[in-house]
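Going by full-length UniProt numbering, the sequence shown opens with residue 18, and the numbers climb by one from there. Beta carbons are placed, not taken as given, at the ideal position from N, Cα and C, and that holds for glycine.
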Amino acid sequence: MTNREKIDWLAKGQLLSEEELAGLLRSKTEEDRLYAAGLARTLTDRYYGRKIYFRGLIEFTNYCKNNCYYCGIRAGNANVVRYRMKPEEIYACCDWGYRAGFRTFVLQGGEDPYFDDEKIVELVSTIRDRYPDCAITLSIGEKSKESYQRYFDAGANRYLLRHETACPEHYRKLHPPQLSLENRLRCLRDLKDIGYQTGCGMMVGSPYQTEENLAQDLLYIGEFRPEMVGIGPFIPHHDTCFRDCQAGTLEDTLFLLSLIRLIHPRVLLPATTALGTIVADGREQGILAGANVVMPNISPTDMRKNYLLYDNKIGTQDDAAESQRRLEESIAAIGYQVVSDRGDYCWEDKV
Ligand code: SAM
């Protein structure tokens with residue numbers, strides 16, 4: 018099959034093997050990439066129209082007990098200035114975000130044992146009471162099924178937990194031995210069973226990643242059918258052992274966004290901050306490749322500079338209102354409209 022035929026095949030909802038997908042990723046041309054983006058965008062428009070959903074991202078703690086080798090806030094990085102937001106500071110972000118039109122709040126943090134289940138339940142139920150029309154997304158790592166159930170019962174609706182890579186060997190090269198792909202995937206299954214809109218995802222161009230690994234990621238996404246997929250380029254952080262590794266590329270990330278849309282047309286697909294970090298208009302290009310979600314940072318400015326997962330992260334100095342306005346304008350300039358909406362997963366099929 019030619020690359021074009023493979024892309025058409027995926028767009029028809031047909032499967033490809035790991036070998037065929039890896040071959041496509043290895044040999045794609047700029048023409049193939051643009052062709053896939055066009056088909057992906059048509060599918061996004063079919064399910065979500067030309068609407069872009071904004072999520073208000075609150076990075077509420079940068080303490081983390083884990084030591085993922087790629088991550089700037091890993092436990093072993095002694096150069097990080099650690100912070101935890103107080104509940105009232107978190108609610109103040111939601112207040113501001115609600116007034117600015119956000120209808121989803123994403124609470125993201127390192128795996129911080131200080132925020133035990135009781136504290137998370139308290140945060141979630143307070144936000145649920147105060148903003149009944151908003152979705153609450155958690156992104157706080159690996160927990161037991163009981164903990165996930167407690168947060169869900171308190172009012173959380175969605176959970177983001179990137180699988181990072183679907184290949185156990187590759188997983189071991191990116192993480193210390195205490196962390197396993199098996200447990201990561203167990204968490205994702207538990208989240209889906211409980212009823213969360215669940216998000217997995219991976220970095221593009223992470224150290225040791227092969228085209229076969231990315232093909233395995235695509236097959237996993239096709240099979241697991243998460244409601245959300247978060248992907249972005251790997252970007253090195255100067256205080257990690259991967260400091261001298263190459264960052265993932267714009268073109269590879271855009272192509273993968275399009276392939277994910279073709280494989281799983283209804284998925285909620287963010288154009289991530291990391292994509293906007295490697296190229297100034299990366300998020301807009303992500304939308305044109307099939308993404309339909311953007312997650313502006315609404316954390317207090319003085320804390321943002323300490324939530325550095327990778328070098329040169331954008332938005333760490335920005336005024337939230339001003340950067341939101343600029344982003345809305347640049348999205349309007351490519352023909353899309355930011356809407357004030359929860360932006361839930363589209364459950365219905367549309368032919
Ligand atoms: N602790 C939670 C977890 O494990 O899911 C959420 C926070 S974690 C820092 C969020 C995501 O950041 C990770 O899943 C990873 O894919 C991404 N990330 C970390 N370091 C990165 C880097 N150097 N470049 C790009 N993305 C990175």
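Selection from the options that minimises the alpha carbon distance to residue i
i      : options                           : result
Gly158 : Glu229, Lys82, Ser142 and Leu191  : Lys82
Tyr362 : Trp26, Thr61, Ala53 and Glu48     : Thr61
Ala288 : Leu271, Leu279 and His281         : Leu271
Asn323 : Ile90, Thr215, Glu339 and Asn200  : Ile90
Gly247 : Ala232, Gly40 and Tyr176          : Tyr176
Leu235 : Thr257, Ile348, Leu42 and Ser223  : Leu42
Ile107 : Ile153, Ile351, Ile348 and Val284 : Ile153
Ile277 : Ile24, Met18, Thr19 and Trp364    : Ile24
Asn314 : Thr59, Ala264, Gly126 and Lys367  : Gly126
Met102 : Val284, Lys45, Ile331 and Asp129  : Asp129
Ala171 : Gln195, Pro193 and Asp146         : Asp146
Leu191 : Gly222, Arg343, Gln341 and Gly114 : Gly222
Cys217 : Arg242, Ser197, Leu231 and Leu124 : Arg242
Phe169 : Glu139, Gly239 and Arg189         : Glu139
Asp358 : Gly73, Glu22 and Gly265           : Gly73
Gly40  : Asn230, Pro149, Glu199 and Leu198 : Asn230
Ile75  : Glu345, Arg321, Asp335 and Glu346 : Arg321
Gly114 : Gly30, Glu36, Glu339 and Thr59    : Glu339
Gly265 : Asp335, Ala92 and Met220          : Met220
Ile238 : Cys258, Thr215 and Phe259         : Thr215
Pro282 : Gly30, Arg189 and Met18           : Gly30
Pro317 : Pro194, Phe77 and Glu365          : Phe77
Proximity below 8 Å, CB of residue i to CB of residue j
i      : j      : result
Val311 : Leu286 : no
Arg179 : Cys151 : no
Phe251 : Tyr86  : no
Asn329 : Thr294 : yes
Arg67  : Tyr353 : yes
Asp205 : Ala28  : It should be pointed out that residue 205 corresponds to Leu in this sequence rather than to Asp. The answer is no: Cβ separation not under 8 Å.
Ala53  : Ser275 : yes
Met245 : Val296 : no
Val123 : Ser164 : no
Ala232 : Ala57  : no
Leu292 : Gly249 : yes
Val355 : Ile348 : yes
Ser44  : Asn20  : yes
Val141 : Ala173 : yes
Glu268 : Arg63  : no
heavy atom of the ligand SAM below 7 Å from residue i C-beta
i      : result
Cys88  : yes
Tyr327 : yes
Glu244 : no
Arg203 : no
Ser340 : no
Gln125 : yes
Phe251 : yes
Leu155 : no
Glu181 : yes
His254 : yes
Gly30  : no
Met320 : no
Ala291 : yes
Met102 : no
Gly216 : no
Met312 : no
Glu128 : yes
Leu231 : no
Leu178 : yes
Met18  : no
Gly40  : no
Gly332 : no
Gly212 : no
Gly303 : no
Gly93  : no
Gly118 : no
Gly307 : no
Gly158 : yes
Exercise for the section: For the stretch 305 to 356, list the beta strand (DSSP E) runs that are entirely contained and at least 3 residues long, ordered along the chain. Expected result: Counting only runs of 3 or more, we get 354 to 356.
Exercise for the section: At 3 residues or longer, and completely inside the stretch 56 to 133: list those beta strand (DSSP E) runs for me, N to C. Expected result: 68 to 71, 73 to 78 and 121 to 126
Handout entry: Touching by the beta-carbon criterion (3+ pairs, under 8 Å), the stretch 181 to 196 and the stretch 129 to 142
Key = no
Exercise for the section: Assess, as a yes-or-no matter, whether the stretch 209 to 220 is touched by the stretch 96 to 103 under the definition of 3 or more beta carbon pairs within less than 8 Å. Expected result: Look at the beta carbons and you see the stretch 96 to 103 not touching the stretch 209 to 220: under three pairs across the two are nearer than 8 Å.
Handout entry: contact_flag[the stretch 63 to 78, the stretch 251 to 260] where n(CB pairs < 8 Å) is 3 or more
Key = no
Exercise for the section: Kindly confirm or deny that the stretch 301 to 308 and the stretch 222 to 230 touch, where touching means at least three C-beta pairs closer than 8 Å. Expected result: no
Practice task
Enumerate, from N- to C-terminal direction, the unbroken alpha helix (DSSP H) stretches of 4 or more residues contained entirely within the stretch 135 to 202.
Solution key: 162 to 171 and 185 to 191
Problem - Contained beta strand (DSSP E) runs [length at least 3] in the stretch 203 to 229, N- to C-terminal order - result: 214 to 217
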